[in-house]
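The sequence shown: position 346 = 345 (numbering that gives the first Met the number 0), numbered continuously.
Read the structure below first, then the notes.
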Amino acid sequence: MSGYKYRHLADRLRNEIEVGIRAPGTQIPTEEELAIRYSLGRNTVRQAIRLLVERGYLVRIQGSGTYVSSSVQTSPNSSQPVDSRSIGVVLPRCSNYIYPEVLMGISECLFEHDYTMVYRITYNKIDRERQVLTELLSTNIYGLIIEPTRSGWPLINADLYRRIEAKLPCVLTHATLSGFSFPTIGVSDYEGVAMLVDHLAANGHRRIAGFFKSDEQTGVRRFHGYAGGLSRNGIHLDENNLLWYFDEEFPALFSAAGSQRVLRALEGCTAVVCYNDETAGRLYPFLQARHIRVPEDISIVGYDDTPDPSGMQSFTTIDNPKTILGRAAVEALLRLMKNPAEDVSLQFPPTLIARDTVRNLAEALV
Numbered sequence: 000m001s002g003y004k005y006r007h008l009a010d011r012l013r014n015e016i017e018v019g020i021r022a023p024g025t026q027i028p029t030e031e032e033l034a035i036r037y038s039l040g041r042n043t044v045r046q047a048i049r050l051l052v053e054r055g056y057l058v059r060i061q062g063s064g065t066y067v068s069s070s071v072q073t074s075p076n077s078s079q080p081v082d083s084r085s086i087g088v089v090l091p092r093c094s095n096y097i098y099p100e101v102l103m104g105i106s107e108c109l110f111e112h113d114y115t116m117v118y119r120i121t122y123n124k125i126d127r128e129r130q131v132l133t134e135l136l137s138t139n140i141y142g143l144i145i146e147p148t149r150s151g152w153p154l155i156n157a158d159l160y161r162r163i164e165a166k167l168p169c170v171l172t173h174a175t176l177s178g179f180s181f182p183t184i185g186v187s188d189y190e191g192v193a194m195l196v197d198h199l200a201a202n203g204h205r206r207i208a209g210f211f212k213s214d215e216q217t218g219v220r221r222f223h224g225y226a227g228g229l230s231r232n233g234i235h236l237d238e239n240n241l242l243w244y245f246d247e248e249f250p251a252l253f254s255a256a257g258s259q260r261v262l263r264a265l266e267g268c269t270a271v272v273c274y275n276d277e278t279a280g281r282l283y284p285f286l287q288a289r290h291i292r293v294p295e296d297i298s299i300v301g302y303d304d305t306p307d308p309s310g311m312q313s314f315t316t317i318d319n320p321k322t323i324l325g326r327a328a329v330e331a332l333l334r335l336m337k338n339p340a341e342d343v344s345l346q347f348p349p350t351l352i353a354r355d356t357v358r359n360l361a362e363a364l365v
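See the structure below:
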């Protein structure tokens with residue numbers, strides 16, 4: 000049994016490395032931390048790590064710790080074996096923003112329930128989603144966890160989702176599909192953004208811009224929360240202060256080419272609600288380069304509580320319980336597998352995290 004346990008842990012860690020959850024060069028938890036996390040003996044953990052070191056997945060650095068080998072080639076779309084206890088996981092992204100933490104929660108929970116993960120990414124491309132779903136439908140997986148691609152668009156791959164609905168238990172994250180019975184695990188986007196607007200209004204802001212992503216349901220719902228928050232605070236929504244963008248536009252949004260769109264939307268505003276913290280993190284240096292101070296000249300709020308990767312700034316935001324959400328998706332799927340009629344949908348209530356990117360104009364006027 001102990002041999003099974005250490006090989007099971009080694010397989011799980013190897014899978015996390017191969018699909019990019021644990022990136023090359025990053026440190027893994029200590030033996031003690033892994034033992035506590037997975038309720039295993041230290042010797043079992045030590046055997047698993049030794050095996051991965053021997054196979055070149057991990058390297059030990061004396062006095063520092065154990066790291067993922069920089070020579071490991073990671074690919075979330077590699078030919079992962081599909082055994083009789085596999086769960087398919089399909090997400091738009093792999094190595095950035097909220098997805099590593101969501102994946103960690105999914106992977107941990109699957110491991111605890113003795114399931115393996117077959118992970119695929121769609122790169123937010125409709126054709127890629129079609130390829131991935133077609134592939135997984137031909138395997139013997141037990142169920143699926145999916146964040147639909149381009150969820151703000153009409154459902155192009157509806158025929159494949161109908162096949163999934165007829166064949167497999169499936170849970171969606173961060174999206175719903177009209178006309179389908181799939182349960183959803185997510186965060187209350189509408190109320191979360193409305194809370195951000197409430198916070199800005201309580202701090203004296205009346206001209207509030209909004210930047211939102213148009214090809215994702217989260218972007219559309221967050222816009223509705225923005226509009227609802229403005230309305231309940233008696234603030235007029237000026238569409239001149241709205242900026243919509245889709246996935247392909249984002250890399251250039253805060254470049255010289257996109258600067259006029261951004262500045263036009265911010266004109267006359269004292270605050271801006273960003274679709275997420277990634278957008279806020281791109282906006283912040285854009286403003287700095289133009290000598291526009293945050294929060295003195297303009298306040299910024301985001302969503303998802305994901306620190307800016309540059310380390311420049313953390314924003315007033317709404318928490319997205321990413322790892323917990325991943326675990327909740329697995330728990331919901333396992334319940335659905337036992338009782339297909341059970342309503343396992345879950346919306347996490349929003350939690351406001353106030354930081355120093357919002358200026359209190361009400362105090363400034365006193």
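Note that beta-carbon positions come from the ideal geometry of N, C-alpha and C, so glycine has one too.
Here the structure is a predicted model, which means the values were calculated and not measured.
Q.
Measuring CB atoms only, is the segment 125 to 133 touching the segment 145 to 158, in the sense that at least three cross pairs come out at less than 8 Å?
A. Yes: at least three Cβ pairs fall under 8 Å.
Q. Mind checking D355: buried by the 16 CB within 10 Å criterion, or exposed?
A. D355 comes out exposed.
**Q.** Close-in-space but distant-in-sequence residues of the same chain around S1 (CB under 7 Å, 5 per side omitted)
**A.** A caution first: S1 carries a pLDDT of 46, below 50, which makes its placement in the model too unreliable to give a value.
Q: Starting from the C-beta of G224, find all residues in its chain whose C-beta is less than 7 Å away, skip the five residues before and the five after it, and write them out in chain order.
A: The residues are D188, Y189, E190, G191, V192 and A193.
**Q.** Coarse secondary structure for V186, derived from DSSP in three states
**A.** If DSSP states are grouped into helix, strand and coil, V186 belongs with the strands.
Q: On a CA-only basis, which of S70, M103, N338 and T121 is nearest E15? Give me that one, please.
A: Distances from the alpha-carbon of E15 to those of S70, M103, N338 and T121 put M103 closest.
Q: Apply the 10 Å Cβ neighbour rule to D113 and answer buried if 16 or more other Cβ atoms are within range, or exposed otherwise.
A: D113 comes out exposed.
Q. Going by beta carbon distance, what residues of the same chain come within less than 8 Å of I352, once the five residues before and after it are set aside?
A. Excluding sequence neighbours, I352 sits near D304, T315, T316, I317 and D318.
Q. In the DSSP assignment, what are the bridge partners of A200?
A. Note: A200 sits in no beta bridge, so no partner.
Q | M336 versus G325: straight-line alpha-carbon distance, rounded | A | Whole-angstrom Cα-Cα distance: 17 Å.
Q.
With H, G and I counted as helix, E and B as strand and the rest as coil, what does DSSP make of Q259?
A. Reduced to three states, the DSSP call for Q259 is helix.
Q | Cβ neighbour criterion (16 or more within 10 Å) applied to A9 | A | Result: buried.
Q: Consult DSSP for G267 and reduce its assignment to one of helix, strand or coil.
A: Coil.
Q) According to DSSP, is E362 helix, strand or coil? A) It is helical.
Q) What residue from S180, G55, F253 and R59 has the CA that sits closest to T278's CA? A) Taking only the C-alpha atoms, the option nearest T278 is F253.
Q | Cβ pair count under 8 Å reaching 3, the segment 295 to 302 against the segment 265 to 273 | A | The segment 295 to 302, when compared against the segment 265 to 273, does touch it at the 8 Å Cβ threshold.
**Q.** Nearest-angstrom Cα separation, counted from T138 out to Y56
**A.** The alpha-carbon atoms of Y56 and T138 are separated by roughly 27 Å.
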